[in-house]
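**Student:**
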Amino acid sequence: MAMAASPWNRLRRRGQRVAEESKDELWALKDVSFRVGRGEAIGIIGRNGAGKSTLLKVLSRITAPTTGKIKLVGRVGSLLEVGTGFHPELTGRENIFLNAAVIGMSRSEIIRKFDQIVDFAEVGRFIDTPVKRYSSGMYVRLAFAVAAHMEPDILIIDEVLSVGDLAFQRKCMDHAKRLRERDVTLLFVSHSMFSIKAVCDRSVYLAAGEVVYDGPTDEAIRRYDSEGRMDMSAWAQATVGSDPTQCPIYIRKLETLSERGEPRTLFDHGERIRIRLHFEAQEPVHEPNFAVALIRSDDVSCCNYSTAMDGFSTATVAGSGMIELLTPPVKLVSEMYTIHALIWDSSFQRLYCSQVGGNINIRHPTLSHQFGVFHEAAEWHWERESSRELGPG
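Counting from 1, position 104 in the sequence shown corresponds to residue 104 in full-length UniProt numbering; the numbering is continuous, with no gaps.
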């Protein structure tokens with residue numbers, strides 16, 4: 001569909017209908033084909049470099065496809081980058097009229113919806129301030145408000161809403177649901193699987209510029225997560241070999257449970273989690289170190305626990321066994337996390353086993369990953385300082 005090539009080659013081939021592929025060309029998208037019906041909400045997921053943003057630019061007609069064609073029926077609104085189409089020297093008011101006109105709104109339509117746009121973006125106090133003085137959050141709120149109020153038939157959103165605060169994200173999600181009720185088609189890119197699941201019934205999973213899967217969102221996320229496991233497994237295989245059963249000790253099974261021992265995969269913020277590792281030691285292993293990490297869906301390692309860090313010794317193990325970790329209250333924000341378990345030798349010089357287990361979901365009442373990794377309630381103190389006159393120095 002679209003590819004990246006040298007500027008000279010792009011200029012030389014201008015006007016040609018089809019570009020010949022050569023060895024020095026990288027296809028950002030290749031053989032990507034799918035249909036989207038009216039009123040569908042489609043998630044576009046994949047690792048960095050998979051071609052997600054390129055796909056949205058092609059669909060938004062910002063980038064022309066090298067081969068193939070795009071057919072869009074209806075009015076298209078897109079929000080791909082913070083402040084795209086805004087002139088930094090113009091005020092918020094002027095940029096609303098400019099940006100709305102660029103995306104196809106008539107002047108009478110802009111005037112009619114101006115107050116709604118300003119109220120939605122929450123920039124009323126600064127509407128006559130040049131947008132170069134806006135924060136990134138104000139930028140994206142105004143950009144989203146303009147795009148959303150053009151009454152599009154198709155709304156294309158890249159992951160720019162992460163700079164908004166939680167209240168604004170909720171407002172956007174609510175607005176997206178209202179758009180769906182009016183049969184507006186949504187195409188949504190995000191690294192947050194929570195957001196994808198909340199908005200999209202169907203998702204397209206891209207890898208290396210190609211469609212790996214197109215179908216129900218739950219299955220798309222499962223496959224997306226499996227790729228992450230394969231990446232970790234590839235690292236583990238390079239370290240411990242392709243067959244873990246040939247190692248002195250390996251993990252047979254991994255379980256996640258509630259503090260009371262009930263099998264669980266959904267936990268509330270602040271809950272303790274039991275993680276059981278069932279292992280097999282094929283020969284006596286002296287003081288193996290067991291470690292567990294919680295990996296966020298964007299591959300950020302958020303929590304790490306190990307027997308060595310906690311001063312726990314297993315002495316010498318042999319045969320079948322089970323070791324259990326009871327975490328302290330887990331204060332991570334709402335996201336999906338993957339369990340990664342490892343077994344090292346006593347000196348951390350040799351990795352015996354690495355296993356990527358299942359997913360758990362942690363639910364925070366208000367915070368998602370845009371607000372950091374974890375949330376711990378702090379103590380705040382406030383007092384009024386008495387006014388006093390300063391005497392001569």
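A virtual CB, placed ideally from N, CA and C, is assigned to each residue, including glycine.
Every value quoted in this text rests on a predicted model; they were computed, and no experiment measured them.
1) Spell out the partners DSSP gives V285 in its beta bridges.
2) When burial is assigned at 16 or more other CB atoms within 10 Å of the CB, is F290 buried or exposed?
3) Is T366 buried or exposed, if buried means 16 or more other CB atoms sit within 10 Å of its CB?
4) Residue range of the alpha helix (DSSP H) that A101 falls in?
5) I need the DSSP call for M232, collapsed to helix, strand or coil.
6) Could you spell out the range, first to last residue, of the alpha helix (DSSP H) harbouring T338?
7) Would you check if the distance between the CB atom of V333 and the CB atom of E271 is smaller than 8 Å?
8) When you compare only the Cα positions, how much space is there between E379 and V300?
9) What residue range does the alpha helix (DSSP H) around Y139 cover?
10) With distances taken from CA atoms, which of L155, N48, S106 is nearest L72?
11) What separation, rounded to the nearest whole angstrom, lies between the Cα atoms of F97 and T265?
12) Taking all protein chains shown into account, do 16 or more other C-beta atoms lie within 10 angstroms of the C-beta of A28, making it buried, or fewer, making it exposed?
13) Alpha carbon to alpha carbon, how far is A377 from K57? Give it in angstroms, no decimals.
14) In angstroms, rounded to a whole number, what distance separates the CA positions of L186 and K177?
15) Ignore the nearest five residues each way along the sequence and tell me which others in E89's own chain have a CB closer than 8 Å to its CB.
16) What do you reckon, are the CB atoms on I221 and V189 nearer than 8 Å?
17) How big is the Cα-Cα spacing for H191 and E335?
18) Using 10 angstroms around the beta-carbon of Q355, count the other beta-carbons present and answer buried if the total reaches 16, otherwise exposed.
**Tutor:** Answer, in terms of the structure:
1) According to DSSP, which records beta bridges pairwise, V285 is partnered with V317.
2) Around the Cβ of F290, a 10 Å sphere holds 16 or more other Cβ atoms; the residue is buried.
3) Taking a 10 Å sphere around the C-beta of T366, we find fewer than 16 other C-beta atoms and assign the residue as exposed.
4) Element bounds for A101: 92 to 102.
5) Bear in mind that the predicted position of M232 carries a pLDDT of just 49, short of 50, making it unreliable; the figure below should be weighed with that in mind. Residue state, collapsed to three classes: helix.
6) Run containing T338: none in the alpha helix (DSSP H); it sits in the beta strand (DSSP E), 335 to 344.
7) Taking 8 Å as the cut-off, the Cβ atoms of V333 and E271 do not count as close.
8) Rounded to the nearest angstrom, the two C-alpha atoms are 28 Å apart.
9) 136 to 148 is the span of the alpha helix (DSSP H), which, as asked, contains Y139.
10) Of the candidates L155, N48, S106, the one whose C-alpha sits nearest the C-alpha of L72 is L155.
11) In a straight line, the C-alpha of F97 is about 48 Å away from that of T265.
12) With at least 16 other beta carbons inside 10 angstroms of its own, A28 counts as buried.
13) The alpha-carbon atoms of K57 and A377 are separated by roughly 41 Å.
14) Rounded to the nearest angstrom, the two C-alpha atoms are 10 Å apart.
15) Within the same chain, E89 has close Cβ partners P130, K132.
16) Not closer than 8 Å, so no.
17) Distance between the alpha carbons of H191 and E335 is about 11 Å.
18) Of the residues assessed, Q355 falls on the buried side of the cut-off, its CB having 16 or more other CB atoms within 10 angstroms.
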